[in-house]
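Numbering (the working numbering), first residue to last: 1000 to 1351. For every residue, glycine included, the Cβ atom is placed at its ideal position computed from N, Cα and C. Written below as structure tokens is the structure these notes are about.
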Ligand code: KG4
Ligand code: ZN
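Okay, structure coming up:
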């Protein structure tokens, strides 16, 4: 079974080819980050145009790298949500056209399902497992019970974790995306010098909140005697920020493990994915937590943790095996929660 995957929901244009033996035959990702950087964030219109400019070429490159042609495909999968509608339309329309012309099934994949099932592509993890998805747009704890079967234990009531890193970096003049420079600065800083809050820590449940931490960071910057923080201040502020985020992530994940064990009598895997999973300090803390609880931490390799099309192709394979194909009338969904029955997080602005 060979499936072409297409990912265009955010600021990566990607095409990949994966087979039923869990082999990634091709995995092409084009980051648009340089086009968005001057704006300090992702501009939807720029993203949609860039997807349109590059997707055909990336698909051709993926086919060439895998040494196959369209006729050998058993299905075409595209991210159909959640995400920016302009980009979703580009990917979904392209996939439908290929599916129609070559008479193969079309698979509309939920981007979050792509992230959630990646651990089965990389590590053959059995259902059920616990998943922490932490990126610029997502911040969720989920129980992955089966294909299309998710239980959301927690989400953020305001910013996603990666978004919090990006905003912190912006305040400190560290550029976009903010995670990597904040981690770098934190490594040489003193986490004790500034006292920052740990929002939600100690509370029941698995929801996240980062806006209070952001505000506290701004106040801490304002207490400095200089107009702009000096190099040591930046390092200490980053260290304090990252330590606070780490405490929150560990606390929320510990509650999620407890809940998971109340629901399931088997399963002992915590999977972490999303761009923030690149953070070594946070990863280490999650590995320690998992160890304490008798769980193992699975973190897919970085290029499969961040947005890519191999995860979409793989989710397509999982769905194709179950006969879960979609009609060519499937409309992209900017909002598409994995667990529509999840109780809403308290507060406004909850992300899908
Ligand atoms: O998964 P991703 O590449 O794209 C989506 O948001 O879907 O995640 C990007 C996010 C950005 O917010 C970025 O600042 C954050 O992941 N990030 C990090 C690190 N590397 C990337 N956050 C903390 N530490 C890092 N080392
Ligand atoms: Zn993503």
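For residue 1105, the enclosing beta strand (DSSP E) begins and ends at 1105 to 1109. DSSP, read as helix, strand or coil, puts residue 1189 in coil.
Residue 1117 has its CB no nearer than 7 Å to any heavy atom of the ligand KG4. Residue 1294 and residue 1120 have their C-alpha atoms spaced approximately 19 Å apart.
The closest CA to that of residue 1166, considering only 1189, 1192, 1136 and 1140, is found on 1136.
Under DSSP, residue 1139 shares a beta bridge with 1132.
Rounded to whole angstroms, residue 1224 and residue 1232 show a C-alpha spacing of 11 Å. Contact annotation: residue 1316 and residue 1019 have beta-carbon atoms nearer than 8 Å. Around the beta carbon of residue 1093, 16 or more other beta carbons sit within 10 angstroms, so the residue counts as buried. The DSSP-derived three-state label of residue 1316 is helix. For residue 1266, same chain residues with a beta-carbon under 6 Å away, outside a window of 5 residues either side, are 1127 and 1128 in chain order. Distances between the C-beta of residue 1275 and the heavy atoms of the ligand KG4 include at least one below 7 Å. As summarised for the segment 1279 to 1319, the continuous beta strand (DSSP E) elements at least 3 residues long and confined to that stretch are 1295 to 1297, given in chain order. Around the beta carbon of residue 1257, fewer than 16 other beta carbons sit within 10 angstroms, so the residue counts as exposed. Two segments are said to touch when three or more pairs of C-beta atoms, one from each, lie closer than 8 Å; by this definition the segment 1237 to 1255 touches the segment 1200 to 1208.
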